[in-house]
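What follows is a set of notes on a single structure, which appears directly below.
Right, here's the structure in full:
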């Protein structure tokens with residue numbers, strides 16, 4: 001592992017999902033730093049606020065697809081436009097309850113998307129995510 | 001002919017007796033000299049006939065026929081009182097115009113026999129071929145007329161070398177001349193007989209149409225002896241009529257005249273001459289001796305243009321009119337009597353036996369012909385009626401466009417189809433244009449143009465046309481050019497109009513319905529997607545929450561509840577996964593077809609289940625030799641193979657390693673994929689085709705969900721295929737999958 005502690009940003013409008021993801025990550029990762037926003041727009045704002053301090057940026061974003069205000073796809077389009085220093089190091093994991101091929105195929109067309117996982121998180125998925133992102 | 005039938009002869013004699021008795025009251029007994037234009041030949045047959053048959057004698061006149069030669073030209077002979085009558089050509093009018101007191105009594109030859117004769121090997125075919133060439137001509141013998149041909153063709157006569165006429169055809173053969181003036185009816189045949197091939201130029205082909213031989217006399221005689229002139233003319237013409245219908249008899253007679261045989265003339269020569277003359281005299285069309293004043297004026301005009309006539313003369317003195325000259329009341333009565341007698345004669349002739357027989361025969365022929373024609377007409381009418389009935393029954397409009405003349409025809413049905421009465425619409429192209437839907441116009445005109453230019457084989461379009469009650473009606477218009485010019489452009493186009501409004505409306509309704517169905521289908525899919533998605537998220541959360549739940553400190557009772565809760569959640573989760581799988585498999589249909597080789601695709605699928613195969617010691621055989629490949633969806637083929645193979649392994653017999661055979665076969669529009677196993681088999685009598693239903697399971701203790709067959713059946717049927725199974729319990733099953741072949745061009 002390149003970093004002693006993982007900094008993960010959860011982007012999901014579902015409180016229960018966020019709560020569970022946080023719990024799971026805390027169980028299986030050593031003292032992770034976890035931030036939570038409720039949609040794509042809040043995630044963009046979050047990243048903007050830290051643009052000048054790359055050390056405060058998350059390593060991994062767990063991105064839901066269906067969200068109000070700005071959904072996962074819209075976030076990806078916005079994020080691609082930002083091109084700020086340090087942003088390129090961020091791993092984006094699509095994290096969805098969808099199991100549709102369409103969504104999976106679509107996610108694969110984004111170069112900035114590292115992988116796509118279906119909910120819920122469990123130990124094996126967390127291990128996969130960390131290995132994909134290191 | 002009168003003389004031909006003894007029955008008629010009786011009547012003739014009565015008729016002639018009457019005529020003679022009437023005319024003899026005036027006639028003086030005259031003896032006359034006739035200057036022929038040339039030697040004795042068929043050219044003068046009419047006069048010989050009048051003499052031989054006694055027509056002159058009947059008129060009470062004695063006639064002396066004098067043969068001509070270059071030294072005895074008819075006009076001077078008559079003017080010098082050496083002859084009373086003469087025969088010459090159209091140049092007679094030139095003499096008259098130049099003040100000679102001559103009277104034309106009648107034209108025997110309606111067209112001139114003069115020609116310029118040459119030989120084919122001299123290559124003289126048109127007047128211009130003669131420039132600079134030697135031509136033998138004689139001013140008395142048609143040269144005037146032939147000169148007109150050259151002037152008309154813009155050739156100066158002095159550009160020819162005119163030689164005086166030797167009247168020897170051999171001069172042409174011996175190359176003493178390049179051409180000679182001649183009679184078409186005489187010299188042409190003479191040359192042929194000498195074994196050479198003649199060529200000739202005819203004035204009539206260059207707009208010069210003169211009278212040929214004309215019978216004439218002096219003005220003096222015509223005035224002093226009108227009756228004599230009348231009698232002579234009548235008898236001569238009658239002789240001509242006889243001669244032209246008895247050519248053989250006349251030829252024999254002419255041969256007996258002095259000098260004829262001596263010149264080497266044969267009967268055949270005379271008969272050939274007679275036939276050539278027939279085309280010039282036209283005895284069957286024109287009354288012998290007929291003259292037309294206009295025709296003479298035309299002849300004068302041409303001579304005047306040639307500078308041969310200075311002042312256009314008055315023709316009144318030139319044209320002889322017997323009835324005017326001899327105008328006594330008595331004679332007139334005689335003519336009337338003659339007419340009455342003639343009529344009576346005609347009536348009696350009509351009842352004559354031979355004629356009656358002929359009439360009867362002809363009538364029978366005519367009757368037969370009429371019956372036959374009536375029959376043919378009836379057949380035609382029936383055929384027309386059939387066509388008409390079929391056209392009306394089919395409601396077929398017919399149109400016909402003559403492009404060259406821009407004439408258009410529409411049948412009644414064409415107009416009635418649009419709600420109009422036949423007389424309410426004009427037959428014109430603009431009628432069609434005005435009724436055509438404006439949106440259709442540009443496209444249709446393009447189609448039409450392409451067809452007119454031959455770029456398309458047929459012209460066919462579905463168009464909207466305005467009806468009388470202002471609706472738009474769908475019409476199928478169809479045609480194929482019936483006539484094209486040499487450039488391939490259509491000059492006539494005929495076609496039909498078919499009312500397809502009902503069909504078209506149904507098609508539109510169907511299309512709308514199908515669009516609505518597609519739309520609601522999409523909505524359903526969307527609904528399924530949202531539902532499954534929205535359900536799945538909380539279920540996933542429940543699973544996680546349950547897994548994090550601290551079960552240690554629960555009471556025994558709550559522990560049981562929690563366990564049941566976990567089981568329910570697990571079940572819900574599984575169902576949702578299955579639903580998602582079905583929905584995903586539907587989404588797969590959109591995948592593009594590609595050429596798939598069964599051996600390669602099977603290999604890929606076997607890799608996915610290699611672990612399973614190894615553990616269960618399954619043996620897989622494959623034979624794709626009969627149908628090695630197919631154009632198909634890869635995902636669907638994989639899904640089929642995967643499901644059937646895993647099923648075959650899953651439902652193996654407990655005591656036997658699974659043995660599976662995969663093969664293919666061509667079957668018309670399908671490729672059949674067979675998957676055969678030696679497994680437990682299915683009791684088809686019991687379950688029938690339920691095996692392809694959703695959540696149908698036929699074996700206990702298996703991890704099957706009854707989903708696989710349902711999914712592949714759906715996929716196969718969506719691609720227009722089908723699936724069937726044969727099975728014997730404890731023996732094995734064989735699945736037949738009919739994969740519908742796609743055509744490569746299909747997208």
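Protein chains in written order, with our numbering: chain A, 1 to 134; chain C, 1 to 747.
We treat Cβ as the ideally placed atom computed from N, Cα and C, and that holds for glycine.
If you're wondering where the values come from, they're calculated on a predicted model, not measured in any experiment.
The bridge partners DSSP lists for residue 404(C) come to none. Taking every protein chain shown into account, the CB of residue 385(C) has fewer than 16 other CB atoms within 10 angstroms, so this residue is exposed. Distance from the CA of residue 614(C) to the CA of residue 507(C), rounded to the nearest whole angstrom, comes to 57 Å.
Within chain C, no residue has its beta carbon less than 9 Å from that of residue 59(A); the closest one is some 23 Å off. Annotation for residue 530(C): the continuous alpha helix (DSSP H) segment containing it runs 501-548. The DSSP-derived three-state label of residue 399(C) is strand. Shown here, residue 663(C) sits in a strand according to DSSP, grouped into three states. When DSSP reads this structure, residue 371(C) sits in no beta bridge, so it has no partner. Close to residue 119(A), with beta-carbon spacing below 7 Å, are these residues of chain C in chain order: 537, 540. Scanning chain C for C-beta atoms nearer than 7 Å to the C-beta of residue 20(A) yields 541, 544, 545, reported in chain order. One alpha carbon belongs to residue 260(C), the other to residue 41(C), and they sit about 7 Å apart. Shortest Cα-Cα distance from residue 312(C) to any of 454(C), 318(C), 301(C), 319(C) involves 301(C). Annotation: Cβ neighbours of residue 548(C) in chain A (cutoff 7 Å, chain order): 23. Contact of residue 14(A) with chain C is assigned, a C-beta pair being separated by under 8 Å. In the displayed model, residue 180(C) falls within a strand according to three-state DSSP.
Contiguous beta strand (DSSP E) elements confined to the stretch 5-48 of chain A occur at 7-11, 33-37, taking only those with 3 or more residues. Under the DSSP assignment, residue 460(C) falls outside any alpha helix (DSSP H), being part of the beta strand (DSSP E) whose first and last residues are 459-466. If you look at residue 149(C), you'll find it isn't in any beta strand (DSSP E); it sits in the alpha helix (DSSP H) that goes 144-152.
A straight-line Cα-Cα distance of about 31 Å links residue 603(C) and residue 111(A). Under the three-state reduction of DSSP, residue 298(C) is assigned to helix.
Using a Cβ distance threshold of 8 Å, residue 452(C) and residue 462(C) do not count as a contacting pair. Counting C-beta pairs closer than 8 Å gives three or more between the stretch 68-85 of chain C and the stretch 31-47 of chain C, which meets the contact rule. Bridge partners of residue 726(C) according to DSSP: 734(C). Contact between the stretch 107-119 of chain C and the stretch 50-64 of chain C is absent: fewer than three C-beta pairs spanning the two stretches fall below 8 Å.
The Cβ-Cβ distance between residue 188(C) and residue 206(C) does not fall below 8 Å. Contact of residue 36(A) with chain C by beta-carbon distance below 7 Å is absent, the smallest such distance being about 15 Å. Look at residue 198(C) here: in three-state DSSP terms it is strand. Linking residue 666(C) to residue 737(C) through their CA atoms gives a straight-line distance of about 12 Å. Residue environment analysis places residue 713(C) among the buried positions, since at least 16 neighbouring C-beta atoms fall within 10 angstroms of its C-beta. Contact between residue 299(C) and residue 93(C) holds: their C-beta atoms lie close to 6 Å from each other, under 8 Å. Ranked by Cα distance from residue 114(A), the options 78(A), 89(A), 7(A) are led by 89(A). When only Cα atoms are considered, residue 466(C) and residue 414(C) end up about 12 Å apart. Close CB contacts of residue 657(C) within its chain, under the 8 Å cut and outside five residues either way in sequence, are with 616, 617, 618, 619 (chain order).
Around the beta carbon of residue 533(C), 16 or more other beta carbons lie within 10 angstroms, which makes this residue buried. Counting along the chain, no alpha helix (DSSP H) covers residue 487(C), and no H or E run does either.
Segment contact: the stretch 149-156 of chain C against the stretch 125-136 of chain C, three or more CB-CB distances shorter than 8 Å; contact assigned.
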